[in-house]
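Q: If you read the sequence shown in our numbering, its first letter stands for residue 139, the second for the next number, and so on.
Every residue gets a Cβ at the ideal spot worked out from N, C-alpha and C, and that includes glycine.
It should be emphasised that the depicted structure is a prediction, and the values quoted were computed from it without experimental measurement.
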Amino acid sequence: MLTIESLEAGYDRTPVLHSVSISVRPASIVAVIGANGAGKSTLLRAVSGLIVPTAGTVSVDGHRVRFRSEREVVQAGISHVPEGRQVFANLTVRESLGLGAHTIGRTGDITARLADMLELFPELGSRMRSYAGSLSGGQQQMLAIARGLMAGPRYLLLDEPSLGLAPQVVDKIFAALRSLRQRGVGILLVEQNGRMALANADEGCLLEQGHLTMSGTGRKLATDPSVIEKYLGVGTAIGGSTRQMEIAAKLATALRL
Ligand SMILES: Nc1ncnc2c1ncn2[C@@H]1O[C@H](COP(=O)(O)OP(=O)(O)OP(=O)(O)O)[C@@H](O)[C@H]1O
Ligand SMILES: [Mg+2]
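#1: Measuring CB to CB, does Leu296 end up less than 8 Å from Val323?
#2: Which residues does DSSP list as the beta-bridge partners of Ala284?
#3: Beta carbon of Tyr293: closer than 7 Å to some heavy atom of ligand 1?
#4: In whole angstroms, what is the alpha-carbon distance linking Ser119 and Gly348?
#5: If you run the structure through DSSP and keep just helix, strand and coil, what is Ser272?
#6: Does ligand 1 have even one heavy atom less than 7 Å from the beta-carbon of Gln213?
#7: Taking 8 Å as the cut-off, does the stretch 225-237 touch the stretch 265-276 (at least 3 CB pairs, one atom from each stretch)?
#8: Under a Cβ-count criterion, where at least 16 other Cβ atoms within 10 Å of its own Cβ denotes burial, should Val180 be classed as buried or exposed?
#9: Is Gln277 closer than 8 Å to Glu298 when the C-beta atoms are compared?
#10: Can you tell me whether Thr249 is helix, strand or coil according to DSSP?
#11: Spatial neighbours of Met255 within its chain, please: C-beta separation below 8 Å, excluding the five flanking residues on both sides.
#12: Any idea what DSSP makes of Ala147, helix, strand or coil?
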């Protein structure tokens, strides 16, 4: 179990997260929804040590993560796929995946993991020698997730995997997440596409201005009138830039929300 307890984190002297506690069981998906700036990405950054929490604890099966190094976090079984599909444009798909495996180090493991990734994302198979920068947005997101999985994490932290992608591609990404769950991976999923996230999640949490204000089954949140009004109505959850509004409108039309 990944246990996040009373976590506090922020930037410089600005606190963002206020005593956030979330547990992610193996083979489950926990979706965190919330508006722009609520602290969702900050939460994932604090759990993976990209920023060091100012209070609270993160532990895996009772062993506390001390955030001494990136390696320590990976060895604890945590992998973070940040928002914005950060692939290296001038590395090939194969090289990018190899990079994700640098902490495991044994060639045998890498070959087996590569095979796993191609089973999960068959589209990457025919693109192994392509530069990451030449892939479609959806394929880049698949590559970013696959790279995060190459270290063999037991817990995957995923930040906005659906943002800006066409509905058919979003479906493929979520199918891959369900398949990962079936393989035992625990997934902490941050999404502005709240409907899709909650529909696939075992549990959902609502983050408002750095406070966890509601949690329960995905279904409970998805059917809660105040959550629907504030976060699941067309365009409301997104609320940010014009670009994001356009993406939300397109997704909403395609999903017939
Ligand atoms: N690198 C940073 N330095 C300083 N403040 C930051 C930084 N990143 C985020 N913040 C601030 O922290 C707060 C939470 O931001 P965060 O990115 O975690 O929100 P979010 O819920 O992920 O939003 P979005 O839905 O837009 O991705 C915001 O007020 C934001 O301005
Ligand atoms: Mg974010």
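A: Taking the structure as given:
#1: no
#2: In the DSSP output, where bridge partners are listed per residue, Ala284 has none listed.
#3: no
#4: The question about residue 119 has no answer, for the chain in this structure spans 139 to 395.
#5: helix
#6: Not one heavy atom of ligand 1 lies closer than 7 Å to the C-beta of Gln213.
#7: yes
#8: For clarity, residue 180 is Thr in the given sequence; the question names Val instead. Around the beta-carbon of Thr180, 16 or more other beta-carbon atoms lie within 10 Å, marking it buried.
#9: no
#10: helix
#11: Leu235, Leu262, Ala284, Leu287 and Met288
#12: strand
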